[in-house]
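Going by mature numbering (1 follows the signal peptide of the UniProt record, and there is no 0), the letters in the sequence shown line up with residues -25 to -1, 1 to 362, in that order.
What follows is a single structure, written as structure tokens, with notes after it.
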Amino acid sequence: MGMKKVFYTFLLLFLVTLHVSKSIAQENQNQADLEALYTAIQKTPSYKKRLKGDKAYQQLYEDVKLKIAKAGEIEAFRQLSKLVSAINDNHLGFYRTPDTALKMSYFLMGQDKPGDIMKRVRPKFESDLEGVYFAYNRPYGLYEKGDKVYQVMNLVDGFIMAEIFHTPYGGYDVLLYGSLQLIKNTRLVNGTLLGTPFTKSREKKFSILDKGNENFEYKILNDKIGYLRLSSFSSSTENIKKSEVFYQKISDTLETTNLIVDVRNNGGGGFKTSQKFINLLKKYKGNIFLLQNSATVSNAEQFILELKPLKKVTTLGEQTRGTITFGSNYGAKIVLPSGRFTFYPTDMKGTNRDLAYESKGINPDITLDVFKSDWIEQTLEYINKKP
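Printed below as a string of structure tokens:
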């Protein structure tokens, strides 16, 4: 019996020591990740312009430092995300470093019953953030969980798919569980939660452009109206070359009285690609009708702001994304010391003009109906009704 007691005593001590060692290792890697992320953030132009010396942000860092000490992986990601979310720079990225397997442990089981959540959110209006959403052919309930914090529950199995929270600058950010990803700058536009797969309506939306494989297109719709589609301003070598060839082909052919310029679903890029089209359209003598949607982003939004002040330009569609300022020239990624998380910093300075639309988007002059009919057809109707 004495030997057994000694054995179990040593086993207990071993297990306690192992647990303590794991806790210390967890705390050490969380702290290392925090310091690396905080250092990287302080080097970004957006931090220097908006938050350098800000006492509230410094206090946020101290709060995160306390809460992250003994946190597991999900909670560590959640706490670190707060430092990124607090900066009004929607080109910033933060996500779990991808690996070969999706770990079910990243999904959280909700404390509420799916049936209760369904009853709670079903009566909500289309314009309410709360409500029933659809994605992947399944229903989800978005509901307020606490003070300015919302959760998205899978109404089939009760798993929490995402957490949504207010940002200090009046917007919303999303923590997408499963893959562990911070989605910056989401809001409800025409029933869709921007940047996520969640939408309130399963009806066909004519706001979305199916651009096919080509980024550039020009065609004459009738003797008075031309159509110019610019679907990417990417500064990749290949896209710049394609844009140059396309530009040379059309630069002397824009002769119709009216021109529809379509930048829906244009994910941006740089002025190396877009500037020549801006110059061309400023010289164009007819009326310009610029189509935009919530997937019009970054340099495509800057493109709109360059043309919008012109009297000959009318913008139509829906509010743009509002991811317009800062950006990255080099696309650098920083893997934090533990290897678990990756930070995507920005390196470009933002202008005061663009900052006014960050997280807000650019409103169109004319709002088009998302569910009525094709947006080009709606634009043609608008043009034909003009005196």
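Ideal Cβ positions, reconstructed from N, Cα and C, are used throughout, including at glycine.
Under the three-pair Cβ rule at 8 Å, the segment 197 to 210 does not count as touching the segment 166 to 176. With contacts defined by Cβ atoms closer than 8 Å, L157 and S56 form a contacting pair. Take the alpha-carbon of T290 and the one of E138: they are about 34 Å apart. About 6 Å separates the CB atoms of A15 and P320; that is less than 8 Å, so the two are in contact.
C-alpha of I235 to C-alpha of G133: approximately 46 Å in a straight line. Taking C-beta separations shorter than 6 Å and ignoring five residues to either side along the sequence, the partners of T232 in its chain run K199, G261, following chain order. Cβ-Cβ distances below 7 Å link R162 to G146, Y147, L169 in the same chain, with the five nearest sequence neighbours on each side left out; the list follows chain order. With a cutoff of 8 Å on beta-carbon distance, G297 and Y332 are scored as near each other. With at least 16 other beta carbons inside 10 angstroms of its own, Y118 counts as buried. Only buried fits G116, as 16 or more other CB atoms lie within 10 angstroms of its CB.
When secondary structure is reduced to three states using DSSP, G90 falls in the helix class. Annotation for T72: no alpha helix (DSSP H) segment contains it, and DSSP assigns it neither H nor E. For K194 and L229, the gap between their C-alpha atoms comes out near 10 Å.
For D8, the closest of Y36, G28, E276, Y222 by C-alpha to C-alpha distance is Y36. The shortest C-alpha to C-alpha distance from F173 to any of F140, V149, L256, G187 is the one to V149. The beta carbons of P114 and V107 sit closer together than 8 Å. When secondary structure is reduced to three states using DSSP, A270 falls in the coil class, being assigned neither helix nor strand. For the options K347, G336, N304, S348, the alpha carbon positioned closest to that of L67 is the one of N304.
The beta carbon of R53 sits closer than 7 Å to those of L150, all from its chain and outside the five residues before and after it, given in chain order. G245 has its alpha-carbon roughly 14 Å from the corresponding atom of V238. The C-beta distance from L280 to I337 rounds to 7 Å, short enough to fall under 8 Å. Taken atom to atom, the span from the alpha-carbon of K224 to that of D344 is near 33 Å.
In this structure, Q294 is the residue among Q294, F252, Q250 with its C-alpha nearest to the C-alpha of T271. Each residue's CA atom was taken as its position, placing K287 and R71 some 46 Å apart. Taking 8 Å as the cut-off, the Cβ atoms of Q267 and P339 count as close.
In summary, I92 is buried, with 16 or more beta-carbon neighbours lying within 10 Å of its beta-carbon over all protein chains present.
F181 is a Cβ neighbour of D349, given a cutoff of 8 Å. When C-alpha distances from G121 are compared across E105, I263, I341, L184, the shortest belongs to E105. Excluding residues up to 5 positions away in sequence, L343 lie with their Cβ nearer than 6 Å to the Cβ of Q353 in the same chain. Within 10 angstroms of the beta-carbon of Y32 lie 16 or more other beta-carbons, which makes it buried. Less than 8 Å divides the Cβ of S334 from the Cβ of Y144.
Assigned with DSSP and collapsed to three states, P20 falls in helix.
Counting only runs of 4+ residues, the alpha helix (DSSP H) found wholly inside the segment 248 to 336 occupies 274 to 282, 327 to 330, in chain order. For F134, the uninterrupted beta strand (DSSP E) run begins and ends at 134 to 141, by DSSP. I341 counts as exposed, since fewer than 16 other beta carbons sit within 10 angstroms of its beta carbon.
Between A275 and F208, the C-beta gap is smaller than 8 Å, which places the two residues in contact.
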